[in-house]
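A.B. asks:
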Amino acid sequence: MKRSARIALLFLAVTASFAPMLAAPAINLLKVVFPDTSSLLIQWVVTLSSLFIMPTLLFASTLAKKFSRKSILIVGLVLYIIGGIGPSIVNSIPVILVFRAILGLSIGIISPTFNALIAENFHGDERTKMNGWVTAINGIGGAIFLSIGGFVASFGWRSVFLSYAYAIILLIFVVLFLPKFPPVQVQGTKNTSTAKIPAVFYLVALLSGLHILLYFTIPTSMSLYLAEIGVGTASSVGYFSAISLFSIFLAGLAFPMLTRIFGRFIVTFGIVLYGLGFLVESYATNVWMIAIAVLLIGFAQGFFFPISFTKTAQLVPKERLTTAISILLACIYTFQFICPIFMNAVPSFFGFSSTRDTFLIISILLGVSVIVSILVSKRVQPQVARVAESK
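So in this note's numbering, spot 171 of the sequence shown is number 171, and the numbers just go up one at a time.
1) Assess, as a yes-or-no matter, whether the segment 281 to 291 is touched by the segment 364 to 379 under the definition of 3 or more beta carbon pairs within less than 8 Å.
2) Taking the CB atoms as reference points, tell me whether F52 and L105 lie closer together than 8 Å.
3) Any idea what DSSP makes of V376, helix, strand or coil?
4) Go through the segment 34 to 70 residue by residue and report every complete run of the alpha helix (DSSP H) that reaches 4 residues or more, in order.
5) Rounding to the nearest angstrom, what Cα-Cα distance links L73 and S353 in this structure?
6) Can T47 and P25 be called in contact, C-beta distance under 8 Å?
7) May I ask you to report which of helix, strand or coil DSSP gives V175?
8) How about the segment 271 to 285 and the segment 161 to 179: do they share at least three Cβ pairs that are nearer than 8 Å?
9) Give me, in chain order, the residues of the same chain whose beta-carbon lies closer than 6 Å to that of P87; leave out the 5 immediate sequence neighbours on both sides.
10) Let me make sure I understand the geometry here. Which of Y333, P340, G270 has the alpha-carbon closest to that of S369?
11) Measure the Cβ-Cβ separation of L213 and I297 and say whether it is below 8 Å.
12) By how many angstroms is the C-alpha of S282 removed from the C-alpha of G230?
13) How many Å lie between V152 and F305 at the Cα?
14) For the segment 304 to 363, list the alpha helix (DSSP H) runs that are entirely contained and at least 4 residues long, ordered along the chain.
15) Report the residue from R158, I110, S111 whose alpha carbon sits nearest the alpha carbon of L22.
16) DSSP on K196, reduced to helix/strand/coil?
17) In its own chain, which residues sit with a C-beta less than 6 Å from the C-beta of F441, not counting the 5 before and 5 after it?
18) Check this for me: beta carbons of G209 and F335, under 8 Å apart or not?
19) Beta-carbon within less than 6 Å of S373's beta-carbon, same chain only, minus the 5 sequence neighbours each way: which residues are those?
20) If you draw a straight line from the C-alpha of F240 to the C-alpha of N138, how long is it?
21) Could you name the residues of the same chain whose beta carbon sits closer than 7 Å to that of I332, not counting the 5 residues immediately before and after it, in chain order?
22) Just to confirm my understanding: we take M257, look at its own chain, exclude 5 residues before and 5 after, and list those with CB closer than 6 Å. What are they?
23) By the 10 Å Cβ neighbour count, where 16 or more other Cβ atoms means buried, how is N28 classified, buried or exposed?
24) Which stretch, first to last residue, makes up the alpha helix (DSSP H) that contains M21?
25) Just to confirm, is the Cβ distance from I341 to F350 under 8 Å?
26) According to the neighbour-count rule (16 or more other Cβ atoms, all chains shown, within 10 Å of its Cβ), is P55 buried or exposed?
27) Let's test the definition: count the other Cβ atoms within 10 Å of the Cβ of V480 and tell me whether it reaches 16, buried, or not, exposed.
28) Could you pull out every residue in the same chain whose Cβ sits closer than 6 Å to the Cβ of S221, ignoring the five residues on either side in sequence?
29) Do you know how far the Cα of A60 is from the Cα of S71?
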């Protein structure tokens with residue numbers, strides 16, 4: 001594959017990694033402009049797209065059998081531009097949410113398509129290298145764009161959504177440089193395997209969704225929390241989100257080393273980082289404490305994500321792996337969507353008057369989870385290792 005085509009593929013990585021988060025700096029500004037709208041609906045401006053990723057994600061393989069990959073990506077990018085920029089020209093939260101739903105549908109078209117192209121056209125070390133570059137662009141690209149998003153938020157909430165215009169450049173790259181890969185050819189083989197997805201996988205999928213929920217408190221709740229405690233400006237949430245993405249990038253690089261150091265207790269280590277992050281956040285009185293908190297939370301998320309896919313590969317039979325990964329992604333996107341519901345339900349249930357209390361109770365629950373994780377790791381991890389050896 002030509003270098004220009006590789007660059008076009010790599011640039012597509014940014015459309016899935018931080019697209020929902022790019023709207024985060026607009027949350028507090030929208031609350032001011034639409035004071036009679038509930039906080040939950042405004043927070044859904046960030047996460048609603050995650051819910052609508054799933055329908056097209058599940059139909060991605062069907063689309064690939066009927067249309068060329070280039071055509072699919074072009075349609076996906078056009079929808080991405082419409083869904084991303086659309087909110088900047090309307091004056092209604094419900095209409096903004098419609099455009100965010102379109103954005104989600106577009107991500108569900110783009111993400112599996114460009115990932116499939118990488119898997120099909122690169123092998124061995126080349127595939128590993130390409131996936132490494134995808135990770136790097138996800139982290140660094142996301143940090144840069146969210147920093148820009150934080151800056152443009154100072155010009156108003158409409159400017160935040162206009163930031164999605166960068167996808168026009170991606171569309172030009174795809175049209176000019178990406179080959180027209182033909183639809184996927186279906187072989188006439190019949191799969192008679194009776195292998196089942198083990199029940200423990202569904203626990204992995206659930207826990208994967210939960211750690212995504214914890215991380216998404218940054219783009220969905222940070223803007224309102226900063227206003228509540230009187231720290232930072234409307235632009236600050238963009239910078240903090242960028243910091244968290246940069247720490248995700250660093251964690252991804254350090255993941256192999258950390259796995260060797262902590263072994264079966266790598267999950268416990270991640271929970272500790274999450275707990276410390278929310279503890280610091282609950283007592284934050286300045287931007288530096290918030291920055292430390294999002295660094296810890298982002299670093300934890302940065303290696304929880306590969307852990308989820310590693311555990312899935314260890315537990316699930318190869319012939320059911322594609323189905324299992326679809327379930328895993330569906331669970332992850334579902335928990336992204338319900339994050340604002342969670343952040344509104346906890347104060348109502350416990351009678352909290354401050355988001356500080358919500359972050360504090362999360363840190364306490366994570367502290368309990370550390371103890372549970374240690375006990376589970378001692379009993380379950382050896383069994384997982386035996387399963388991996390038998391595959």
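By construction, the Cβ of each residue, glycine as well, lies at the ideal position given by its N, Cα and C atoms.
C.D. replies: This is what the structure gives:
1) Note that the segment 364 to 379 does not touch the segment 281 to 291; fewer than 3 beta-carbon pairs, one per stretch, sit closer than 8 Å.
2) In the sequence shown, counting from the first residue as 1, residue 52 sits at position 52. In the sequence shown, counting from the first residue as 1, residue 105 sits at position 105. In contact: F52 and L105 (Cβ atoms closer than 8 Å).
3) For the purposes of this step, residue 376 is identified with residue 376 of the sequence shown, where counting begins at 1. Reduced to three states, the DSSP call for V376 is helix.
4) Listed in chain order, the alpha helix (DSSP H) runs fully inside the segment 34 to 70 are 39 to 58, 60 to 66, counting runs of at least 4 residues.
5) For the purposes of this step, residue 73 is taken as residue 73 along the sequence shown, with counting starting at 1. For the purposes of this step, residue 353 is taken as residue 353 along the sequence shown, with counting starting at 1. One C-alpha to the other measures close to 46 Å.
6) Reading the sequence shown from its first residue, position 47 is the one you call residue 47. Reading the sequence shown from its first residue, position 25 is the one you call residue 25. Between T47 and P25, the CB-CB gap reaches or exceeds 8 Å.
7) By 1-based counting over the sequence shown, the position of residue 175 is 175. Of the three classes helix, strand and coil, the one that applies to V175 here is helix, per DSSP.
8) no
9) Numbered from its first residue, the sequence shown carries residue 87 at position 87. Result list for P87: I96, F99, F161, in chain order.
10) The residue you call residue 369 lines up with position 369 of the sequence shown. Nearest C-alpha to S369: G270.
11) Translated into the one-based positions of the sequence shown, residue 213 becomes position 213. Translated into the one-based positions of the sequence shown, residue 297 becomes position 297. No, Cβ-Cβ distance for L213 and I297 is not below 8 Å.
12) The residue you call residue 230 lines up with position 230 of the sequence shown. The residue you call residue 282 lines up with position 282 of the sequence shown. About 14 Å.
13) As a working note, residue 152 is residue 152 in the sequence shown. As a working note, residue 305 is residue 305 in the sequence shown. For V152 and F305, the distance between alpha carbons rounds to 30 Å.
14) 321 to 350
15) What you label residue 22 is simply residue 22 of the sequence shown in a count that begins at 1. It is R158 whose Cα lies nearest to the Cα of L22.
16) For this step, residue 196 is matched to residue 196 along the sequence shown. In this structure, K196 counts as coil in the three-state DSSP scheme.
17) There is simply no residue 441 to check, as the chain begins at 1 and stops at 391 in what is shown.
18) If you number the sequence shown from 1, residue 209 lands on position 209. If you number the sequence shown from 1, residue 335 lands on position 335. Yes, the Cβ-Cβ distance between G209 and F335 is below 8 Å.
19) Along the sequence shown, one-based indexing puts residue 373 at 373. Excluding residues within five positions, the ones whose Cβ falls inside 6 Å are V267, T268, I271.
20) Residue mapping note: residue 240 aligns to position 240 of the sequence shown, counting from 1. Residue mapping note: residue 138 aligns to position 138 of the sequence shown, counting from 1. Distance between the alpha carbons of F240 and N138: 16 Å.
21) Here residue 332 is taken as the residue at index 332 of the sequence shown, counted from 1. Contacts found: S208, G209, I212.
22) Locating residue 257 in the sequence shown gives position 257, where the first residue counts as 1. The answer is none, since no qualifying residue turns up.
23) Residue numbering aside, residue 28 sits at position 28 when the sequence shown is read from its first letter. Buried, since its Cβ has 16 or more Cβ neighbours within 10 Å.
24) The sequence position of residue 21 within the sequence shown is 21, counting from 1. Premise fails: M21 is in no alpha helix (DSSP H) and is neither H nor E.
25) Taking the first residue of the sequence shown as 1, we reach residue 341 at position 341. Taking the first residue of the sequence shown as 1, we reach residue 350 at position 350. Their beta carbons are not under 8 Å apart, which means I341 does not touch F350 by this criterion.
26) Within the sequence shown, the letter at position 55 stands for residue 55. Exposed, since its Cβ has fewer than 16 Cβ neighbours within 10 Å.
27) Because the chain here runs from 1 to 391, residue 480 falls outside it and cannot be looked at.
28) Counting from one through the sequence shown, the residue named residue 221 turns up at place 221. Within the same chain, and ignoring the five residues on either side of S221 in sequence, the residues whose Cβ sits closer than 6 Å to its Cβ are M343.
29) Counted from its first residue, the sequence shown places residue 71 at position 71. Counted from its first residue, the sequence shown places residue 60 at position 60. About 13 Å.
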